[in-house]
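**Student:** Note that the sequence shown covers residues -17 to -1, 1 to 106 in mature numbering (1 follows the signal peptide of the UniProt record, and there is no 0).
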Amino acid sequence: MKNIIVYLCFVFSAATAQNLPVLSTTSLNNPFIDFEHWKKGNYAKDTGNTRDQYVGTWQYSQGNTVFQVRIFKQDQVLFDRVFNGQVEDYGYLDCVILKYRLVKNGVVIFDNLASTSYNTDES
């Protein structure tokens, strides 16, 4: 379930300037959660603070490889689906954002730790 939430944050995140109203609220702690909870103006809120256990900086090292991950919370992220310039569906979700750095043999392969964006098409 938590992996699905992280996946949704990366796949559907979109930054828009629209102010769309929250029409309902769902707890992410609900065991009977509907995977369509992010649609129809709903706000899927982390009422049980389950994301807290993931927040922080994590590092893996083996030989000449260092992989560092920084995880932080982002509240009320807007996800919307736009068709022909019109918002068809939208919702809000409390999610976690992952940023990482991969270094092999002293060469930085990828690094977006300093990025201020959480959008998937920006680094």
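The beta carbon of each residue, even a glycine, is placed where N, CA and C say it ideally should be.
Measure the C-alpha to C-alpha separation of Asn47 and Lys56 and round it to an integer number of angstroms.
**Tutor:** Computed Cα separation, rounded: 30 Å.
**Student:** Using DSSP bridges, identify the partner residues of Asn67.
**Tutor:** Partner(s): none; Asn67 has no beta bridge.
**Student:** Alpha carbon to alpha carbon, how far is Gln36 from Asp77?
**Tutor:** Taking the straight line joining both Cα atoms gives about 14 Å.
**Student:** For Gly89, which of Leu81, Ser10, Val70 and Ser44 has the nearest alpha-carbon?
**Tutor:** Considering only alpha carbons, the answer is Ser44.
**Student:** Residues in the same chain with beta-carbon distance under 6 Å from Phe50, minus the five sequence neighbours each way, listed in chain order, please.
**Tutor:** Excluding residues within five positions, the ones whose Cβ falls inside 6 Å are Tyr43 and Leu85.
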